[in-house]
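Sequential numbering from 4 applies to the sequence shown in our numbering.
A quick write-up on the structure given underneath.
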Amino acid sequence: MTDGHVLLVGTGLEQFRRYLLEGIVRRHRVVLLNPTPVTWQRALVADHAEVDFTDQAAVFRAAKELAARNEINGVLTWDESLLEHSARIAEQLGVPGLPVSAALACRDKARQRELFARHGVPSARFRTVDTVGEALDAAVELGYPLVVKPRALAGSIGVRLVRDDGELREAVERAGSAHYPGFGGTGGLLLEEYLVGTEISVDSWVLDGTVTPFVMAKKIVGLAPHFEETGHLVGGALGLATAEKAQKVVAAANLALGVDHAVTHTEVMLTADGPRLIEVNGRLGGDLIPYLGELAGGIEAGAIAADVAVHRRPESLARHARLAAVQFIYPDREMRLDGVRMAPELEEAPWIERWGVLFPPGSELLLPPKAYLTRAAYVVCTADDESGLAARMAEIRAGVVPFGPALV
Numbered sequence: 004m005t006d007g008h009v010l011l012v013g014t015g016l017e018q019f020r021r022y023l024l025e026g027i028v029r030r031h032r033v034v035l036l037n038p039t040p041v042t043w044q045r046a047l048v049a050d051h052a053e054v055d056f057t058d059q060a061a062v063f064r065a066a067k068e069l070a071a072r073n074e075i076n077g078v079l080t081w082d083e084s085l086l087e088h089s090a091r092i093a094e095q096l097g098v099p100g101l102p103v104s105a106a107l108a109c110r111d112k113a114r115q116r117e118l119f120a121r122h123g124v125p126s127a128r129f130r131t132v133d134t135v136g137e138a139l140d141a142a143v144e145l146g147y148p149l150v151v152k153p154r155a156l157a158g159s160i161g162v163r164l165v166r167d168d169g170e171l172r173e174a175v176e177r178a179g180s181a182h183y184p185g186f187g188g189t190g191g192l193l194l195e196e197y198l199v200g201t202e203i204s205v206d207s208w209v210l211d212g213t214v215t216p217f218v219m220a221k222k223i224v225g226l227a228p229h230f231e232e233t234g235h236l237v238g239g240a241l242g243l244a245t246a247e248k249a250q251k252v253v254a255a256a257n258l259a260l261g262v263d264h265a266v267t268h269t270e271v272m273l274t275a276d277g278p279r280l281i282e283v284n285g286r287l288g289g290d291l292i293p294y295l296g297e298l299a300g301g302i303e304a305g306a307i308a309a310d311v312a313v314h315r316r317p318e319s320l321a322r323h324a325r326l327a328a329v330q331f332i333y334p335d336r337e338m339r340l341d342g343v344r345m346a347p348e349l350e351e352a353p354w355i356e357r358w359g360v361l362f363p364p365g366s367e368l369l370l371p372p373k374a375y376l377t378r379a380a381y382v383v384c385t386a387d388d389e390s391g392l393a394a395r396m397a398e399i400r401a402g403v404v405p406f407g408p409a410l411v
């Protein structure tokens, strides 16, 4: 246990983030600044405060009060909506943390593309647009197919593939009104070329100009023409040469944004012409990706994030010994959820590590573009090889079924 404390800004949902907090407290004392009532976290933290993050003055005041009671050695967050707050708190307290300029770049996809271009990081050709007319003009220059995405949201919300002017008009109108709780900031849309290939994500720690990957995941997307992330796979054999190329591009992208004293989640498309950057997120991966790293190779992502936050080089990283995946279960139609049924043979399967239902009975589950991330449930599984894991994920998709009346 180190001297001093790590100030954690927000924990997120218990089902998806508890394991990270448990990983931190095995190595560091934690002080929590949270936007919602502290409940399950209470037994894991040394001190805490609850604050309205829409009131910046109140946020700084609460952080300073916590710092007056506890020696703070570093600040971190894994909540995308609190990234800028966390960086500014570290700056105010004069302790290590993600630089504010890097946090702002991580939250602005257009700014990222500009910095990538300036530093020679391969990415997608793009234009920023605010209106349908501007989008149509940009489409003439870029050529179809194109991807439309809000400039400063997350979770693939409002993101859509378009192949002609009609689809572009519709996508711009819908994406312009897309929103997600806790997100404000830069408006406008990004229009970019559609990259074809295998999409991966790379979680890395960044310290003093060194970028070190520790979890690499293959992303599974669905619900076309939208880009809902329906699953992730960790521990597969990408091939050493491909992995090394991807890591070089990831390092270049993080340094181009000025990232330091942080962990990041970088999304990369492995195209026929080499790795191309999609975006850098200034926090750990979501969707249980770091947990998959723990299952596959013994990675303690929470502890790594806290070590970097206090300017300590993380311990040597484990190598993947097996594969792990998360499969998200979506309804096959829009419904009012009664529950989620798991096939009896899956209930007894030793390779299912955990699973959970994500919406209470009575919830209305809509599908894109009406709503995003309406996952009824999730299932985490493991296997010894990629073909075995794919087969098990197929069993899960067939055997875990949301049920309820269709919405009309």
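By construction, the Cβ of each residue, glycine as well, lies at the ideal position given by its N, Cα and C atoms.
Just so we're clear, the structure is a prediction, and the values are computed from it rather than from any experiment.
{"Item": "Would you call residue 13 buried or exposed, if buried means 16 or more other Cβ atoms sit within 10 Å of its Cβ?", "Value": "buried"}
{"Item": "With the cut-off set at 8 Å, would you say residue 309 and residue 30 are in Cβ contact?", "Value": "yes"}
{"Item": "So what does DSSP say about residue 216, is it helix, strand or coil?", "Value": "strand"}
{"Item": "Can you give me the C-alpha to C-alpha distance between residue 305 and residue 71, rounded to a whole angstrom?", "Value": "25 Å"}
{"Item": "Quick one: which unbroken alpha helix (DSSP H) runs of 4-plus residues sit fully inside the region 48-103? Chain order, please.", "Value": "59-72 and 86-96"}
{"Item": "Taking just the CA atoms, how far does residue 278 sit from residue 248?", "Value": "7 Å"}
{"Item": "Tell whether a beta-carbon distance below 8 Å holds between residue 109 and residue 85.", "Value": "no"}
{"Item": "Compute the beta-carbon to beta-carbon distance between residue 1 and residue 380, rounded to the nearest angstrom, for a pair I have assumed lies under 8 Å.", "Value": "Absent from the model: residue 1. The displayed extent of the chain is 4 to 411, so no value can be given."}
{"Item": "Find the nearest neighbour of residue 33 within the set 61, 9, 91 and 56, judged by alpha-carbon distance.", "Value": "9"}
{"Item": "How would you label residue 188, buried or exposed, when you count the other beta carbons within 10 angstroms and need 16 or more for buried?", "Value": "In this prediction, residue 188 scores a pLDDT of 47, lower than 50, which makes its location untrustworthy; the coordinate-derived value is nonetheless stated afterwards. So residue 188 counts as exposed."}
{"Item": "Is there contact between the region 52-59 and the region 331-345, where contact requires at least three CB pairs shorter than 8 Å?", "Value": "no"}
{"Item": "If we ignore side chains and look at the alpha-carbon of each, how far apart do residue 173 and residue 49 end up?", "Value": "50 Å"}
{"Item": "Compute the Euclidean distance between the alpha carbons of residue 68 and residue 97, then round it to the nearest angstrom.", "Value": "14 Å"}
{"Item": "Should residue 231 be labelled buried (16 or more other beta-carbon atoms within 10 Å of its own) or exposed?", "Value": "buried"}
{"Item": "Just the C-alpha distance for residue 392 and residue 64, rounded to the nearest angstrom, thanks.", "Value": "49 Å"}
{"Item": "From 339, 378, 25 and 288, pick the residue whose C-alpha is nearest to that of residue 409; which is it?", "Value": "339"}
{"Item": "On the three-state DSSP scale, how would you describe residue 201?", "Value": "strand"}
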